[in-house]
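The sequence shown begins at 483 in the numbering used here and counts up by one.
Positions of the beta carbon are idealized from the N, C-alpha and C atoms, including for glycine.
Every value quoted in this text rests on a predicted model; they were computed, and no experiment measured them.
Shown next, in structure tokens, is the structure this report addresses.
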Amino acid sequence: MQQEIANFTFQNPTKIVFGKNQIESLSTLIPRDRKVLITYGGGSVKRSGVLDRVREALTDYDLGEFGGIEANPTFETCMQAVELIKKEQFDFILAIGGGSVIDGSKFIAAAAKFEGDPTNIFGDGVGTGEPVKAALPLGTILTLPATASEMNSISVITFKEKKAKVGFSSLQVYPTFSVLDPEMTYTLPSKQLANGVTDSFVHIIEQYLTFPVGGMVQDGFAESLMKTLIKIGPDVVKEDLHDYTLRANYMWTATLAWNGILSTGVPGDWSTHALGHELTVLNDTDHAKTLSAILPAVMTVRKEQKFDKLVQYAENVWSITDGSDEEKIDAAISKTAAFFKSLGMPVTLNDINVSSSDIDFLISQLETHECTAISERGDQTLDVSRAIFEKAL
Ligand code: NZQ
Ligand code: ZN
483 MQQEIANFTF
493 QNPTKIVFGK
503 NQIESLSTLI
513 PRDRKVLITY
523 GGGSVKRSGV
533 LDRVREALTD
543 YDLGEFGGIE
553 ANPTFETCMQ
563 AVELIKKEQF
573 DFILAIGGGS
583 VIDGSKFIAA
593 AAKFEGDPTN
603 IFGDGVGTGE
613 PVKAALPLGT
623 ILTLPATASE
633 MNSISVITFK
643 EKKAKVGFSS
653 LQVYPTFSVL
663 DPEMTYTLPS
673 KQLANGVTDS
683 FVHIIEQYLT
693 FPVGGMVQDG
703 FAESLMKTLI
713 KIGPDVVKED
723 LHDYTLRANY
733 MWTATLAWNG
743 ILSTGVPGDW
753 STHALGHELT
763 VLNDTDHAKT
773 LSAILPAVMT
783 VRKEQKFDKL
793 VQYAENVWSI
803 TDGSDEEKID
813 AAISKTAAFF
823 KSLGMPVTLN
833 DINVSSSDID
843 FLISQLETHE
853 CTAISERGDQ
863 TLDVSRAIFE
873 KAL
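Right, here's the structure in full:
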């Protein structure tokens, strides 16, 4: 078993342009001769005025638009954008939105250059999982801090008919730049702010709550980011509290939570995400809500495997110093659930309308999507996942 920090290569090519009114620097970020397709979601960028501001910043450019990328973006919708790109010869994509628009745009960027059936960009029981060798350049303007898609190589796409939500990762789809203006979060409703804080928190946990390998920098960085979210989360979710410092810390934490810096050389779990994706496929529950509904059960069922890190988490993140190690862990699990509840997030499957009669379907889905040996040691079998779902009821 891995006892030391593993060898790693770290490369993250995304340029981050952070702060107020940074949208105005767009023309310095996109080459002037590019034909730019602006992609967005269900219309929040129109209501907030961000789309108009982007058009103004790019007045001299040849621009087109593709709206309607849904939350949990679908293959079918994204393929319509691919057709438009091929027909009208766009050669740059500018995504404005949250994780869904950015993930959808990454897939669009890859599919526009892919030879053959773009389904095969994905593995996990959906396609053949071929490597992405090229993609159109992509820039992003982030409007919802949560997924870190603005600074990573990952895209998660839903195949409605196949009842699958699967991802791919490629160096080719890192955004070339991402504009992070904390004031863009001021139009977010409390529900999405709570989703964002929670998703970021769970991304950190997936890379931290495994087993110790002596990654002092990675652990310390993760603990600091989690403590920041615990401190600011309850105020960040107040949608009328437009406090720049709060929102700036939230935005930067969400990006750092999953831009690759925390996972360098250390084990990763990602089982909460694997189970969560099946819950979204089942009944369309928001991504972050599936995670908060599952995580306390993961911590409880996997206590033995994660024991040392759970004690470290209790002591360093929640400052729990009294009692036995077992008592510290139990207190940390309770505090984690209480934190999610304080944000208005669900903490059981019942809270998201999932019952025991759904578990057989969820397990068969995990099997179809090749999630039969997951978690940091590959020892989370379907039986263990079933125990987690049952504990989370
Ligand atoms: O569609 P519009 O009208 O823009 O509204 C969106 C959407 O309804 C709204 N919104 C976004 N910015 C707003 C705003 N409303 C008002 N003001 C603003 N400034 O928020 C709603 C949710 O947006 P969405 O992009 O779906 O949320 P999120 O950023 O949480 O992304 C979730 C997706 O990302 C995937 C998830 O699975 C899910 O499909 N993930 C991607 C990851 C990655 N690329 O690394 C990792 C994550 O773990 C996750 O799996
Ligand atoms: Zn997530």
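- Query: Helix or strand or just coil, what does DSSP make of residue 653?
  - Reply: The residue labelled residue 653 in the question sits at position 171 within the sequence shown. Helix.
- Task: Measure the beta-carbon distance from residue 623 to residue 532 and round it to whole angstroms, keeping in mind my assumption that it falls under 8 Å.
- Result: Position 141 of the sequence shown, counting from 1, holds the residue named residue 623. Position 50 of the sequence shown, counting from 1, holds the residue named residue 532. Yes, residue 623 and residue 532 are in contact; Cβ-Cβ is about 7 Å, under 8 Å.
- Would you check if the region 645 to 654 and the region 684 to 698 touch, i.e. whether three or more CB-CB distances between them fall below 8 Å? no
- Best match in 763, 825, 856 and 851 for proximity to residue 553 [C-alpha to C-alpha]: As a first step, residue 553 must be located in the sequence shown, where it is residue number 71. Of the listed residues, the one whose Cα sits closest to residue 553 is 763.
- Considering only the beta carbon of each residue, do residue 708 and residue 743 sit closer than 7 Å? By 1-based counting over the sequence shown, the position of residue 708 is 226. By 1-based counting over the sequence shown, the position of residue 743 is 261. Result no, Cβ atoms of residue 708 and residue 743 do not sit closer than 7 Å.
- Please go through the same chain and pick out, in chain order, the residues whose beta-carbon is closer than 6 Å to the beta-carbon of residue 700, but skip the five residues on each side of it. Along the sequence shown, one-based indexing puts residue 700 at 218. Same-chain partners within the cutoff: 744 and 748.
- Item | Whole-angstrom C-beta distance between residue 736 and residue 652, which should lie under 8 Å | Residue 652 sits at position 170 when you count from the first residue of the sequence shown. Residue 736 sits at position 254 when you count from the first residue of the sequence shown. No, residue 652 and residue 736 are not in contact; Cβ-Cβ is about 22 Å, not under 8 Å.
- With respect to 6 Å, is the separation between the Cβ of residue 751 and the closest non-hydrogen atom of ligand 2 below this value? Within the sequence shown, the letter at position 269 stands for residue 751. The answer is no for residue 751.
- Message: residue 779 and residue 873 - do their beta-carbons sit closer together than 7 Å?
- Response: Residue 873 sits at position 391 when you count from the first residue of the sequence shown. Residue 779 sits at position 297 when you count from the first residue of the sequence shown. Cβ atoms of residue 873 and residue 779: closer than 7 Å.
- Message: Suppose contacts are defined by Cβ-Cβ distances below 7 Å. Is residue 671 in contact with residue 730 by that definition?
- Response: Numbered from its first residue, the sequence shown carries residue 671 at position 189. Numbered from its first residue, the sequence shown carries residue 730 at position 248. Cβ atoms of residue 671 and residue 730: not closer than 7 Å.
- Item | C-alpha gap between residue 498 and residue 505, whole angstroms | Taking the sequence shown and counting its residues from 1, one reaches residue 498 at position 16. Taking the sequence shown and counting its residues from 1, one reaches residue 505 at position 23. Whole-angstrom Cα-Cα distance: 12 Å.
- Item | Within 7 Å, strictly: CB atoms of residue 572 and residue 517 | The sequence position of residue 572 within the sequence shown is 90, counting from 1. The sequence position of residue 517 within the sequence shown is 35, counting from 1. Closer than 7 Å, so yes.
- Message: So, at 6 Å on beta carbons, what are the nonlocal neighbours of residue 788 in its own chain, with the 5 sequence-adjacent residues on each side left out?
- Response: Your numbering for residue 788 matches position 306 in the sequence shown. Only 691 meet the Cβ criterion.
- Tell me whether residue 755 is buried or exposed, calling it buried when 16 or more other Cβ atoms sit within 10 Å of its Cβ. In the sequence shown, residue 755 corresponds to position 273, counting from 1. Flag for residue 755 reads buried.
- DSSP-derived helix/strand/coil call for residue 574: Working through the sequence shown from its first residue, we reach residue 574 at position 92. Strand at residue 574.
- Task: Please look up how many angstroms separate the CB atoms of residue 606 and residue 769, rounded, as I've assumed it's under 8 Å.
- Result: Residue 606 sits at position 124 when you count from the first residue of the sequence shown. Residue 769 sits at position 287 when you count from the first residue of the sequence shown. Contact flag wrong, Cβ pair sits at about 17 Å.
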